[in-house]
Ligand SMILES: Nc1ncnc2c1ncn2[C@@H]1O[C@H](COP(=O)(O)OP(=O)(O)OP(=O)(O)O)[C@@H](O)[C@H]1O
Ligand SMILES: [Mg+2]
């Protein structure tokens with residue numbers, strides 16, 4: 001049997017039961033009734049003890065949301081979402097009054113993170129990585145807080161930052177992704193629950209990786225992540241987010257807004273390993289991952305680099321983008337998107353060149369298996385003032401089996417004659433002779449596929465922080481187990 | 486070790502191997518020579534289990550097992566090794582990582598634990614030195630931008646690290662320079678023992694000066710038309726295939 005065939009067969013025999021993070025945690029929840037309305041927004045705001053201005057901001061966003069149509073541009077088959085049939089807030093009762101120390105946290109929740117490989121207890125904390133753990137709608141705990149605050153670095157949940165650093169939140173929240181950008185952005189602005197807030201002061205190089213681990217646990221509950229990262233002049237930060245959710249038959253919504261701001265000479269490296277539950281092989285259940293991520297290179301010589309490994313979710317819709325305002329600023333986008341079985345992904349980036357000598361680089365690797373569809377959609381827009389702007393784009397697609405699809409949709413707009421845009425794209429099927437060669441050396445068909453696909457993705461994976469690169473390689477192989485990868 | 490009886494193989498309806506018998510015992514080295522297109526590589530692929538070949542008739546016994554029932558990786562892990570005529574490039578996969586993965590696949594199959602990183606590094610270093618392969622080379626992606634001869638040496642490195650029971654060398658000598666030919670042959674000879682066997686496919690008697698075969702077979706049009714000892718290779722060199730196949 002051909003290796004591909006065999007892998008596909010294996011994929012088919014594997015149910016969703018192979019999703020290793022599919023367990024759920026029994027906790028008592030505080031959860032207002034289903035439905036999206038002003039009452040629920042007021043409830044969320046009150047639960048979080050928010051100041052009046054924050055509530056006003058949310059209510060205004062809700063008004064905007066009601067006026068906006070659903071985005072239409074993606075090549076996705078998105079079932080109508082009934083916003084009224086969804087819970088917007090769910091937190092474990094034990095976390096209602098934010099625990100002062102880990103001893104006050106429900107041991108079940110601590111156990112959950114330990115099972116996910118993210119121990120929060122001091123003795124077991126991951127070295128070199130500070131973690132903010134978000135459970136449904138609330139941040140559970142943030143590690144390494146003291147060490148970071150000694151450097152003037154603020155790393156906390158966004159809910160906390162609203163109260164402790166209102167001037168920064170007011171100044172930057174919604175400044176990169178305007179509330180009116182599109183309907184998911186507006187929805188998130190109205191009902192966002194938790195996420196991380198990071199401020200790196202001038203001249204500081206953050207000595208550890210900062211990371212957030214998002215976990216969806218409650219049923220029928222949307223998770224509305226809001227993250228804001230500000231790198232002040234001459235600073236540097238590397239941030240990583242990870243995501244998992246239990247296996248459930250119904251679809252759940254994760255609609256995130258992530259905003260990054262880099263001032264003069266600052267650099268932000270943002271990495272994502274997204275492994276939300278993808279649904280079973282018939283396409284039942286799974287997370288709808290509708291994410292708006294945008295970074296503004298406001299200062300001169302600033303740099304924002306997005307690296308993403310997208311293996312999970314039933315539907316992924318995300319375009320981490322860079323607005324290159326500062327002269328000489330740089331934007332990068334490195335992406336691996338794997339779709340298997342019935343998964344759909346429409347992902348890519350936007351690079352908006354505004355300042356002089358701005359440059360951007362896009363490396364996208366799409367892998368499809370099973371009956372999945374994978375689209376790269378990217379925009380490179382060079383405005384008239386962006387003298388001497390540069391872009392390089394490389395999009396490679398790999399197909400495993402005969403029933404999947406790969407699509408590349410590049411948009412290039414240039415209003416500037418001395419700019420340079422290069423675009424390369426390839427689509428290929430996984431090479432049977434390579435698979436045979438690997439198997440002749442003793443690798444089983446799954447390992448052979450994993451090895452070849454990891455090689456295909458190397459340029460992207462090597463951009464991940466060291467600590468996560470190995471995990472990501474395993475994840476690439478595992479997610480193909482269920483489809484070809 | 487290996488017992489092929491009355492083997493008939495076709496690909497896409499085309500008959501390639503037409504009644505081939507070959508028996509290789511433990512500790513023996515067999516050379517297989519024959520004109521282009523006579524079915525030598527086809528035989529090596531069938532033995533290693535490549536897809537798309539149709540076995541129309543015949544049996545292959547490998548150490549008491551029906552070889553044709555085993556998957557490609559099972560055959561490999563049971564000690565069957567093919568040094569490819571045209572080795573594959575695997576972009577993005579470091580050569581040393583590939584070697585480690587291959588070794589650990591076999592160990593896993595045999596129920597052994599993974600090889601310790603230090604032990605592996607030592608083994609790789611010593612084997613690579615024997616074959617005059619630089620450490621720089623091992624850091625590059627497997628076979629990517631390797632020269633023809635470098636690829637062949639890489640095959641022999643993999644072979645010596647996996648120490649197979651039954652190794653098939655498909656024209657490993659083609660593309661090697663004179664020094665490399667000697668080094669590679671020494672590598673093969675070092676591996677030879679009373680427990681393993683080799684099937685050496687070649688067009689040139691010169692290789693057989695280095696790797697002395699116990700038997701030489703001539704294949705033509707999918708059948709073995711003549712078998713003998715080392716002197717057959719010398720005779721062949723003199724007379725050429727045409728005459729030899731006719732006298733058969
Ligand atoms: N996929 C295929 N479809 C049709 N014919 C094939 C296919 N693969 C091999 N053949 C044919 O089978 C025959 C035997 O090929 P094979 O590669 O085994 O020859 P060989 O003895 O190894 O030759 P060489 O000395 O040139 O390496 C050739 O005629 C070849 O064209
Ligand atoms: Mg051949």
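Chains as they are written, first to last, in this note's numbering: chain F, 1 to 485; chain C, 486 to 733.
Cβ atoms here follow ideal geometry from the backbone N, Cα and C, with glycine treated the same way.
Here the structure is a predicted model, which is why all the values come from computation and not from measurement.
Within 10 Å of its beta-carbon, does residue i have 16 or more other beta-carbons around it, so buried, or fewer, so exposed?
i, result
"residue 13 of chain F", "Only weak support is given to the placement of residue 13 of chain F: the predicted model assigns it a pLDDT of 39, under 50, and the value that follows is read from those uncertain coordinates. Counting Cβ neighbours within 10 Å, residue 13 of chain F comes out exposed, since fewer than 16 surround it."
"residue 663 of chain C", "exposed"
"residue 617 of chain C", "exposed"
"residue 501 of chain C", "buried"
"residue 508 of chain C", "exposed"
"residue 15 of chain F", "Note that residue 15 of chain F scores a pLDDT of 36, beneath 50, so its modelled location is shaky and nothing firm can be said."
"residue 483 of chain F", "With a pLDDT of 45 at residue 483 of chain F, under the threshold of 50, the predicted position of this residue should be treated as unreliable, though the coordinate-derived value follows. Buried, by the Cβ-count rule."
"residue 417 of chain F", "exposed"
"residue 480 of chain F", "buried"
"residue 294 of chain F", "buried"
"residue 207 of chain F", "exposed"
"residue 729 of chain C", "buried"
"residue 492 of chain C", "buried"
"residue 724 of chain C", "exposed"
"residue 264 of chain F", "buried"
"residue 9 of chain F", "Unreliable positioning characterises residue 9 of chain F in this predicted model, as indicated by a pLDDT of 44, which lies under 50. The coordinate reading is nonetheless provided below. By the neighbour-count rule (16 or more Cβ atoms within 10 Å), residue 9 of chain F is not buried but exposed."
"residue 426 of chain F", "exposed"
"residue 495 of chain F", "Since the first and last residues shown for chain F are 1 and 485, residue 495 of chain F lies out of range."
"residue 558 of chain C", "buried"
Which partner residues of residue i appear in the DSSP bridge assignment?
i, result
"residue 518 of chain C", "C:703"
"residue 182 of chain F", "BP columns for residue 182 of chain F are empty, so no partner."
"residue 361 of chain F", "F:332 and F:392"
"residue 350 of chain F", "F:321 and F:379"
"residue 730 of chain C", "Answer by DSSP bridge pairing: none, since residue 730 of chain C is not bridged."
"residue 297 of chain F", "F:262 and F:324"
"residue 493 of chain C", "C:503 and C:542"
"residue 166 of chain F", "For residue 166 of chain F, which the question treats as bridged, DSSP gives no partner whatsoever."
"residue 409 of chain F", "F:377"
"residue 223 of chain F", "F:254"
"residue 231 of chain F", "F:200 and F:262"
Could you please tell me which residues of the segment 622 to 643 of chain C, in chain order, have their CB closer than 8 Å to any CB of chain F?
Going along the segment 622 to 643 of chain C in chain order, one finds 626 and 643 with a Cβ nearer than 8 Å to chain F.
Do three or more CB pairs link the segment 314 to 334 of chain F to the segment 433 to 443 of chain F at distances below 8 Å?
With the cut-off at 8 Å, the segment 314 to 334 of chain F and the segment 433 to 443 of chain F do not touch.
Near-chain C residues of the segment 436 to 452 of chain F - C-beta to any C-beta below 9 Å:
Of all residues in the segment 436 to 452 of chain F, 436, 437, 438, 439, 440, 441, 442, 443, 444, 445, 447, 448, 451 and 452 have a Cβ within less than 9 Å of some Cβ in chain C.
What residues from the segment 669 to 689 of chain C come within 7 Å of chain F, judged by C-beta to C-beta, listed N to C?
Cβ contacts with chain F come from no residue of the segment 669 to 689 of chain C.
For the 8 Å Cβ check, are there 3 or more pairs between the segment 514 to 529 of chain C and the segment 682 to 692 of chain C?
Yes: the two stretches touch, three or more of their Cβ pairs being nearer than 8 Å.
When you check each C-beta in the segment 421 to 433 of chain F against every C-beta of chain C, which residues fall closer than 9 Å?
Residues passing the 9 Å Cβ filter: 431, 432 and 433.
Tell me, please, whether the segment 447 to 455 of chain F touches the segment 193 to 206 of chain F by the rule of three or more beta-carbon pairs shorter than 8 Å.
Segments in contact, no.
Taking only beta carbons into account, state which residues of the segment 531 to 542 of chain C come closer than 9 Å to chain F, listed in chain order.
Residues of the segment 531 to 542 of chain C that bring their beta carbon within less than 9 Å of a beta carbon in chain F comprise 533, 534, 535, 536 and 537, in sequence order.
When you check each C-beta in the segment 581 to 601 of chain C against every C-beta of chain F, which residues fall closer than 7 Å?
Correct list: 586, 587, 590, 591 and 594.
Count Cβ pairs between the segment 658 to 674 of chain C and the segment 630 to 644 of chain C that sit closer than 8 Å; are there 3 or more?
At 8 Å Cβ cutoff, the stretches touch.
Which residues, in chain order, does the segment 401 to 412 of chain F contribute to contact with chain C at a C-beta distance below 7 Å?
Going along the segment 401 to 412 of chain F in chain order, one finds no residue with a Cβ nearer than 7 Å to chain C.
Short of 9 Å Cβ to Cβ, which residues in the segment 233 to 244 of chain F face chain C?
Against chain C - using a Cβ distance shorter than 9 Å - the segment 233 to 244 of chain F contributes no residues.
The segment 298 to 308 of chain F touching the segment 275 to 286 of chain F, judged by at least three CB pairs closer than 8 Å
Judged by pairs of C-beta atoms under 8 Å, the segment 298 to 308 of chain F does not touch the segment 275 to 286 of chain F, as fewer than three such pairs exist.
Name, going along the chain, the residues of the segment 178 to 206 of chain F whose beta-carbon falls closer than 7 Å to a beta-carbon of chain C.
Under the 7 Å Cβ criterion, the segment 178 to 206 of chain F contributes no residue.
Given 8 Å as the limit, is there contact between the segment 398 to 405 of chain F and the segment 342 to 360 of chain F, that is, 3 or more CB pairs closer than that?
These segments do not touch.
Which of the residues in the segment 452 to 463 of chain F, read from start to end, lie with their CB under 8 Å from any CB of chain C?
Listed by position along the chain: 452, 454, 455, 456, 457, 458 and 459.
Contacting positions in the segment 647 to 671 of chain C - beta carbon closer than 7 Å to chain F:
Along the segment 647 to 671 of chain C, there is no position whose C-beta sits under 7 Å from a C-beta of chain F.
Could you say if the segment 408 to 416 of chain F and the segment 372 to 389 of chain F meet the contact criterion of at least three C-beta pairs nearer than 8 Å?
A contact exists between the segment 408 to 416 of chain F and the segment 372 to 389 of chain F.
Quick check: the segment 577 to 587 of chain C against the segment 611 to 631 of chain C, are at least 3 beta-carbon pairs closer than 8 Å?
Enough Cβ pairs lie closer than 8 Å, so yes.
Evaluate the contact criterion for the segment 542 to 553 of chain C versus the segment 422 to 435 of chain F: three or more CB pairs, one atom per stretch, below 8 Å.
Segment contact: the segment 542 to 553 of chain C against the segment 422 to 435 of chain F, fewer than three CB-CB distances shorter than 8 Å; contact not assigned.
On the three-pair Cβ rule with 8 Å, is the segment 34 to 50 of chain F touching the segment 185 to 192 of chain F?
Output reads yes: the segment 185 to 192 of chain F touches the segment 34 to 50 of chain F.
I'd like to know if the segment 453 to 461 of chain F and the segment 558 to 578 of chain C are in contact, where contact means that at least 3 CB-CB pairs between them fall below 8 Å.
Verdict: yes, contact present.
Do three or more CB pairs link the segment 363 to 378 of chain F to the segment 340 to 348 of chain F at distances below 8 Å?
Short answer: they touch.
Give a yes or no on contact between the segment 344 to 353 of chain F and the segment 509 to 522 of chain C, applying the rule of three or more CB pairs nearer than 8 Å.
Verdict: no, contact absent.
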